[in-house]
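Protein sequence lines, in the order shown, are assigned to chains A and B. Using my numbering, count along the first sequence one by one with no gaps and you end on 440. Using my numbering, count along the second sequence one by one with no gaps and you end on 1251. Cβ atoms here follow ideal geometry from the backbone N, Cα and C, with glycine treated the same way. Keep in mind the model is a prediction, meaning the values are calculated, not measured. Each remark here refers to the structure printed beneath this line.
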Amino acid sequence: MTATAGKESFMAQAPQLAAAMPWLDAASALQKDNAENWIKALRSTGAESFAQTGLPTPAWEGWQYTNLRALNPAKFHYTSEPVKFDATKIPAPLLGTHRIVLVNGQYQPSLSSLPTHVTVMSVMEAAEKKVEGLEEQLVTLGDLAQMPLVALNAAYTRDGFVMQVARGKDVTEPVEVLYYNAGREAAAYPRVLYKLGENSGLAVIERHCGEGEYLANSYAAISLESASRMRFYRFEEESDKAFHFSHVTVQQQKDSSFEGFSLASGGRLAREEFRLQLIDKAISSSIGGTYLMRGQQSHDFTVLADHFEPDGKSVQLFKGVVDDQARAVFQGKIHVRRSAQKTDGYQSHHALLLSATAEASAKPELEIYADDVKCSHGATAGQLNPEALFYLRSRGIPLSDAKSLMVESFLAGAIEKVSHEQVRDIYLARVSAWLAGRGA
Amino acid sequence: MLKIENLHVNAGGRAVLKGLSLEMKAGEVHAIMGPNGSGKSTLSYVLSGRDGYEVTDGKIEFMGQDLLAMEPEDRAALGLFLAFQYPVEIPGVSTTTFLKTALNSIRKKRGEKDIEPAAFLKLQKQKIQQLGMDPEMMKRGVNVGFSGGEKKRNEVLQMAMLEPKLAIMDETDSGLDIDALKVVSEGVNALRSPERSFLVITHYQRLLDYIKPDIVHVLANGKIQKTGGPELALLLEEKGYADFYDATEAA
């Protein structure tokens, strides 16, 4: 960030960027609150960066396949006022009893309950209480100018929560985090921190859903201290009129492990970005996902495994299906820095196209500066094998069942890697339900 | 059971079957022998309902119904089974899941309830033993990593589980050594019954030493050229196909 010029003078130089301004209207109003100084500074940094870049266009590196032209700034409105919602519409927990609920990004303590050894507070409360390391972990790592949606989220730093697990504590039951969006063209910008103390363990189920039209743009930082273990399971089930952008940065210390998985079936247009930062030695990190796209839906998984130090292992494994006129994008990169010797990196993406008009795009990348590493990657896109379909049908299996059987088997190749058995079963059930809704 | 009348079929823009007629009764084993390119495999695929074959004339009646009007899965439910010459590999779908899904699909079409899981496993175990198959193979993807002989055994296993009324065996002997051929044939012979018919399609007489046919047909140039008893197969083995049709007619 080098820009010091005010918004007005900048816009005078580049009037075309006036397009960025409606996005920031409510952000300047927000600055009148009594937030901590560092939060106000984070907001300004985000706003200034976004004012300069605006939304990314297909000319941007990393945005060739996901076009944001349908995203109309005049449509979505942010408010810091407590959101009104119909509590009966909030879906029941997927699993277990402990969960925290966000509505339009705002943490709802009255709807939340937590297991022992886990503490949760809103970002504003955490800032007031000066939670250790909060500022350095909530301030975005990396170049905001390259991440306009993260910059926009930063400009609205207020909502979201901080979840902490005390060192040495292993929380066995998954904690569900429900991101519920009440619709009515609201914009939600939650900023979230998961902070696992040394040698602690946590499993989180993040469910993103809502009603009608809205914009959900979240940023989550996951901070894993040494020898901590995080399982992070996501359900991106936004309304089919919604825009979803989420960015997850995982920062891992020595001997920690991260297992992430996302099943994406929602949204009109969605992009989930994962940045795995293996900043110390002997770190294990995996991220997997499945997408189920149909109608006019569009989804983008963009993943970076960034190896800083030796003996790290990272895995990216994605499999998805695309039907009708839907689109899916996978962009995966393994970055091995010069000092990251003995890195073991793996990446694969496989897309199954169920219609002639469905589209899948993949951009696999390896960027390796160390000389003693093992990295492999593979990407395929294909259709159901007609010979196999005929073989199944010749044994009495109806065409639609034969297709479902083959799609389930294909996706199970990714879902089977989910180590939490109950969560894995929910993922598999989601796939079956999606296929059942598809008909023949 | 099966009645084929004056069947004409085009495949790949070429007339392959040119007026084939054939009638089979319940419990009979018919062999169709013929040279390469005579239309043997085309007949098996047309009977099972594979895409890519255009029936230009004739009709096929199976169990009193118009077979050509039916989808492949409905033909299977009615009791038709094709043992493939080249069984297809289906990665990710375990053989057990495949067998159970197939069996229950057929039961459902017939208005029956799903088989009890325990009963299914018992049945499967019994058939696997009969065919000398490794139970571990049931966990693998259908035909994935199976040898040629294992694939053919797997075809017979499916036949044994699904208990068809008519089993069409398309070059089941191809790619089998003599030991595998014996096992596969024993599996087939164990299924012979007064209600079940077999249509054995083969290029060589060898298979017919193990699966004894009641009736042998010579198929050449897209037509049945001659029909006789088992002795016809031996005659073919001795004299070749040339005596049974005019090879120049094919051109």
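Item                                                                                                                                                                                               : Value
Can the beta-carbon of A:Asp-300 be found less than 8 Å from the beta-carbon of A:Ala-270?                                                                                                         : yes
Taking all protein chains shown into account, decide if B:Asn-1006 is buried (16 or more other Cβ within 10 angstroms of its Cβ) or exposed.                                                       : exposed
What does A:Met-406 reach in chain B if we use C-beta pairs closer than 8 Å?                                                                                                                       : Ile-1090, Gly-1092 and Val-1093
Consider the Cβ of A:Gly-396: report whether some Cβ of chain B lies at a distance smaller than 8 Å.                                                                                               : yes
Using the Cβ count rule (16 or more neighbours within 10 Å means buried), how would you classify A:Lys-195?                                                                                        : buried
Let's see if you can read the secondary structure: which residues bound the alpha helix (DSSP H) around A:Gln-341?                                                                                 : Taken as a continuous stretch (DSSP letters only), A:Gln-341 belongs to no alpha helix (DSSP H), as it is neither H nor E.
Could you tell me the alpha carbon to alpha carbon distance between A:Arg-430 and A:Glu-421, rounded to whole angstroms?                                                                           : 14 Å
Output yes or no for whether 8 Å exceeds the beta carbon distance between A:His-208 and A:Ala-221.                                                                                                 : no
Starting from the C-beta of B:Glu-1237, find all residues in its chain whose C-beta is less than 7 Å away, skip the five residues before and the five after it, and write them out in chain order. : Gln-1205
Check whether the Cβ of B:Pro-1072 lies closer than 8 Å to any Cβ atom in chain A.                                                                                                                 : yes
Just to confirm the assignment, what range does the alpha helix (DSSP H) spanning A:Val-336 have?                                                                                                  : Careful: A:Val-336 lies outside any alpha helix (DSSP H), inside the beta strand (DSSP E) at 327–336.
Roughly how many angstroms separate the alpha carbons of B:Arg-1192 and B:Pro-1213, rounded to a whole number?                                                                                     : 11 Å
Would you verify that the beta carbon of A:Asp-425 is, or is not, closer than 8 Å to some beta carbon of chain B?                                                                                  : no
Which stretch, first to last residue, makes up the beta strand (DSSP E) that contains A:Glu-237?                                                                                                   : 229–237
For B:Glu-1155, does the count of other Cβ atoms within 10 angstroms reach 16, so buried, or fall short, so exposed?                                                                               : buried
Could you tell me the alpha carbon to alpha carbon distance between A:Phe-443 and B:Leu-1232, rounded to whole angstroms?                                                                          : The structure shown has nothing for residue 443 of chain A, since chain A only spans 1 to 440.
What residues are listed by DSSP as bridge partners for A:Tyr-219?                                                                                                                                 : A:Arg-191 and A:His-247
So what does DSSP say about B:Ala-1167, is it helix, strand or coil?                                                                                                                               : strand
Which partner residues does A:Met-163 have in the DSSP bridge list?                                                                                                                                : A:Val-120 and A:Tyr-194
Under a Cβ-count criterion, where at least 16 other Cβ atoms within 10 Å of its own Cβ denotes burial, should A:Asp-143 be classed as buried or exposed?                                           : exposed
Would the region 165–181 of chain A count as touching the region 62–82 of chain A if we require 3 or more Cβ pairs under 8 Å?                                                                      : no
To the nearest angstrom, how far is the alpha carbon of B:Phe-1098 from that of A:Pro-22?                                                                                                          : 56 Å
A:Glu-238 and A:Gly-210: beta carbons closer than 8 Å?                                                                                                                                             : yes
Given this structure, state the Cα-to-Cα distance separating A:Phe-441 from A:Lys-89, to the nearest angstrom.                                                                                     : Because residue 441 of chain A is not part of the residues shown, which for chain A are 1 to 440, the question remains open.
Does the beta carbon of B:Thr-1101 come closer than 8 Å to any beta carbon on chain A?                                                                                                             : yes
Is the CB of A:Gly-413 under 8 Å away from at least one CB in chain B?                                                                                                                             : yes
Rounded to whole angstroms, what's the CA-CA distance from A:Arg-229 to B:Val-1142? Just pull it up for me.                                                                                        : 37 Å
Determine whether the Cβ of B:Ala-1167 lies closer than 8 Å to any Cβ atom of chain A.                                                                                                             : no
For chain A, is any of its Cβ atoms less than 8 Å away from the one on B:Leu-1162?                                                                                                                 : yes
Would you say A:Ser-432 faces chain B, with C-beta separation under 8 Å as the test?                                                                                                               : no
Looking at C-alpha atoms only, which residue of A:Ser-257, A:Arg-275, A:Glu-359 and A:Gly-288 is the closest neighbour of A:Gly-201?                                                               : A:Ser-257
Using a Cβ cut-off of 9 Å, which residues of the region 1055–1079 of chain B contact any Cβ in chain A, in chain order?                                                                            : Glu-1071, Pro-1072, Glu-1073, Asp-1074, Arg-1075, Ala-1076 and Ala-1077
Is the region 26–34 of chain A touching the region 326–336 of chain A in the sense that three or more CB pairs, one from each, lie closer than 8 Å?                                                : no
Is DSSP giving A:Ile-90 helix, strand or coil here?                                                                                                                                                : coil
Considering A:Thr-380, what are the terminal residues of the beta strand (DSSP E) in which it resides?                                                                                             : 374–382
Just tell me which of A:Ser-348, A:Val-150 and A:Met-163 has its CA closest to the CA of A:Ala-51.                                                                                                 : A:Val-150
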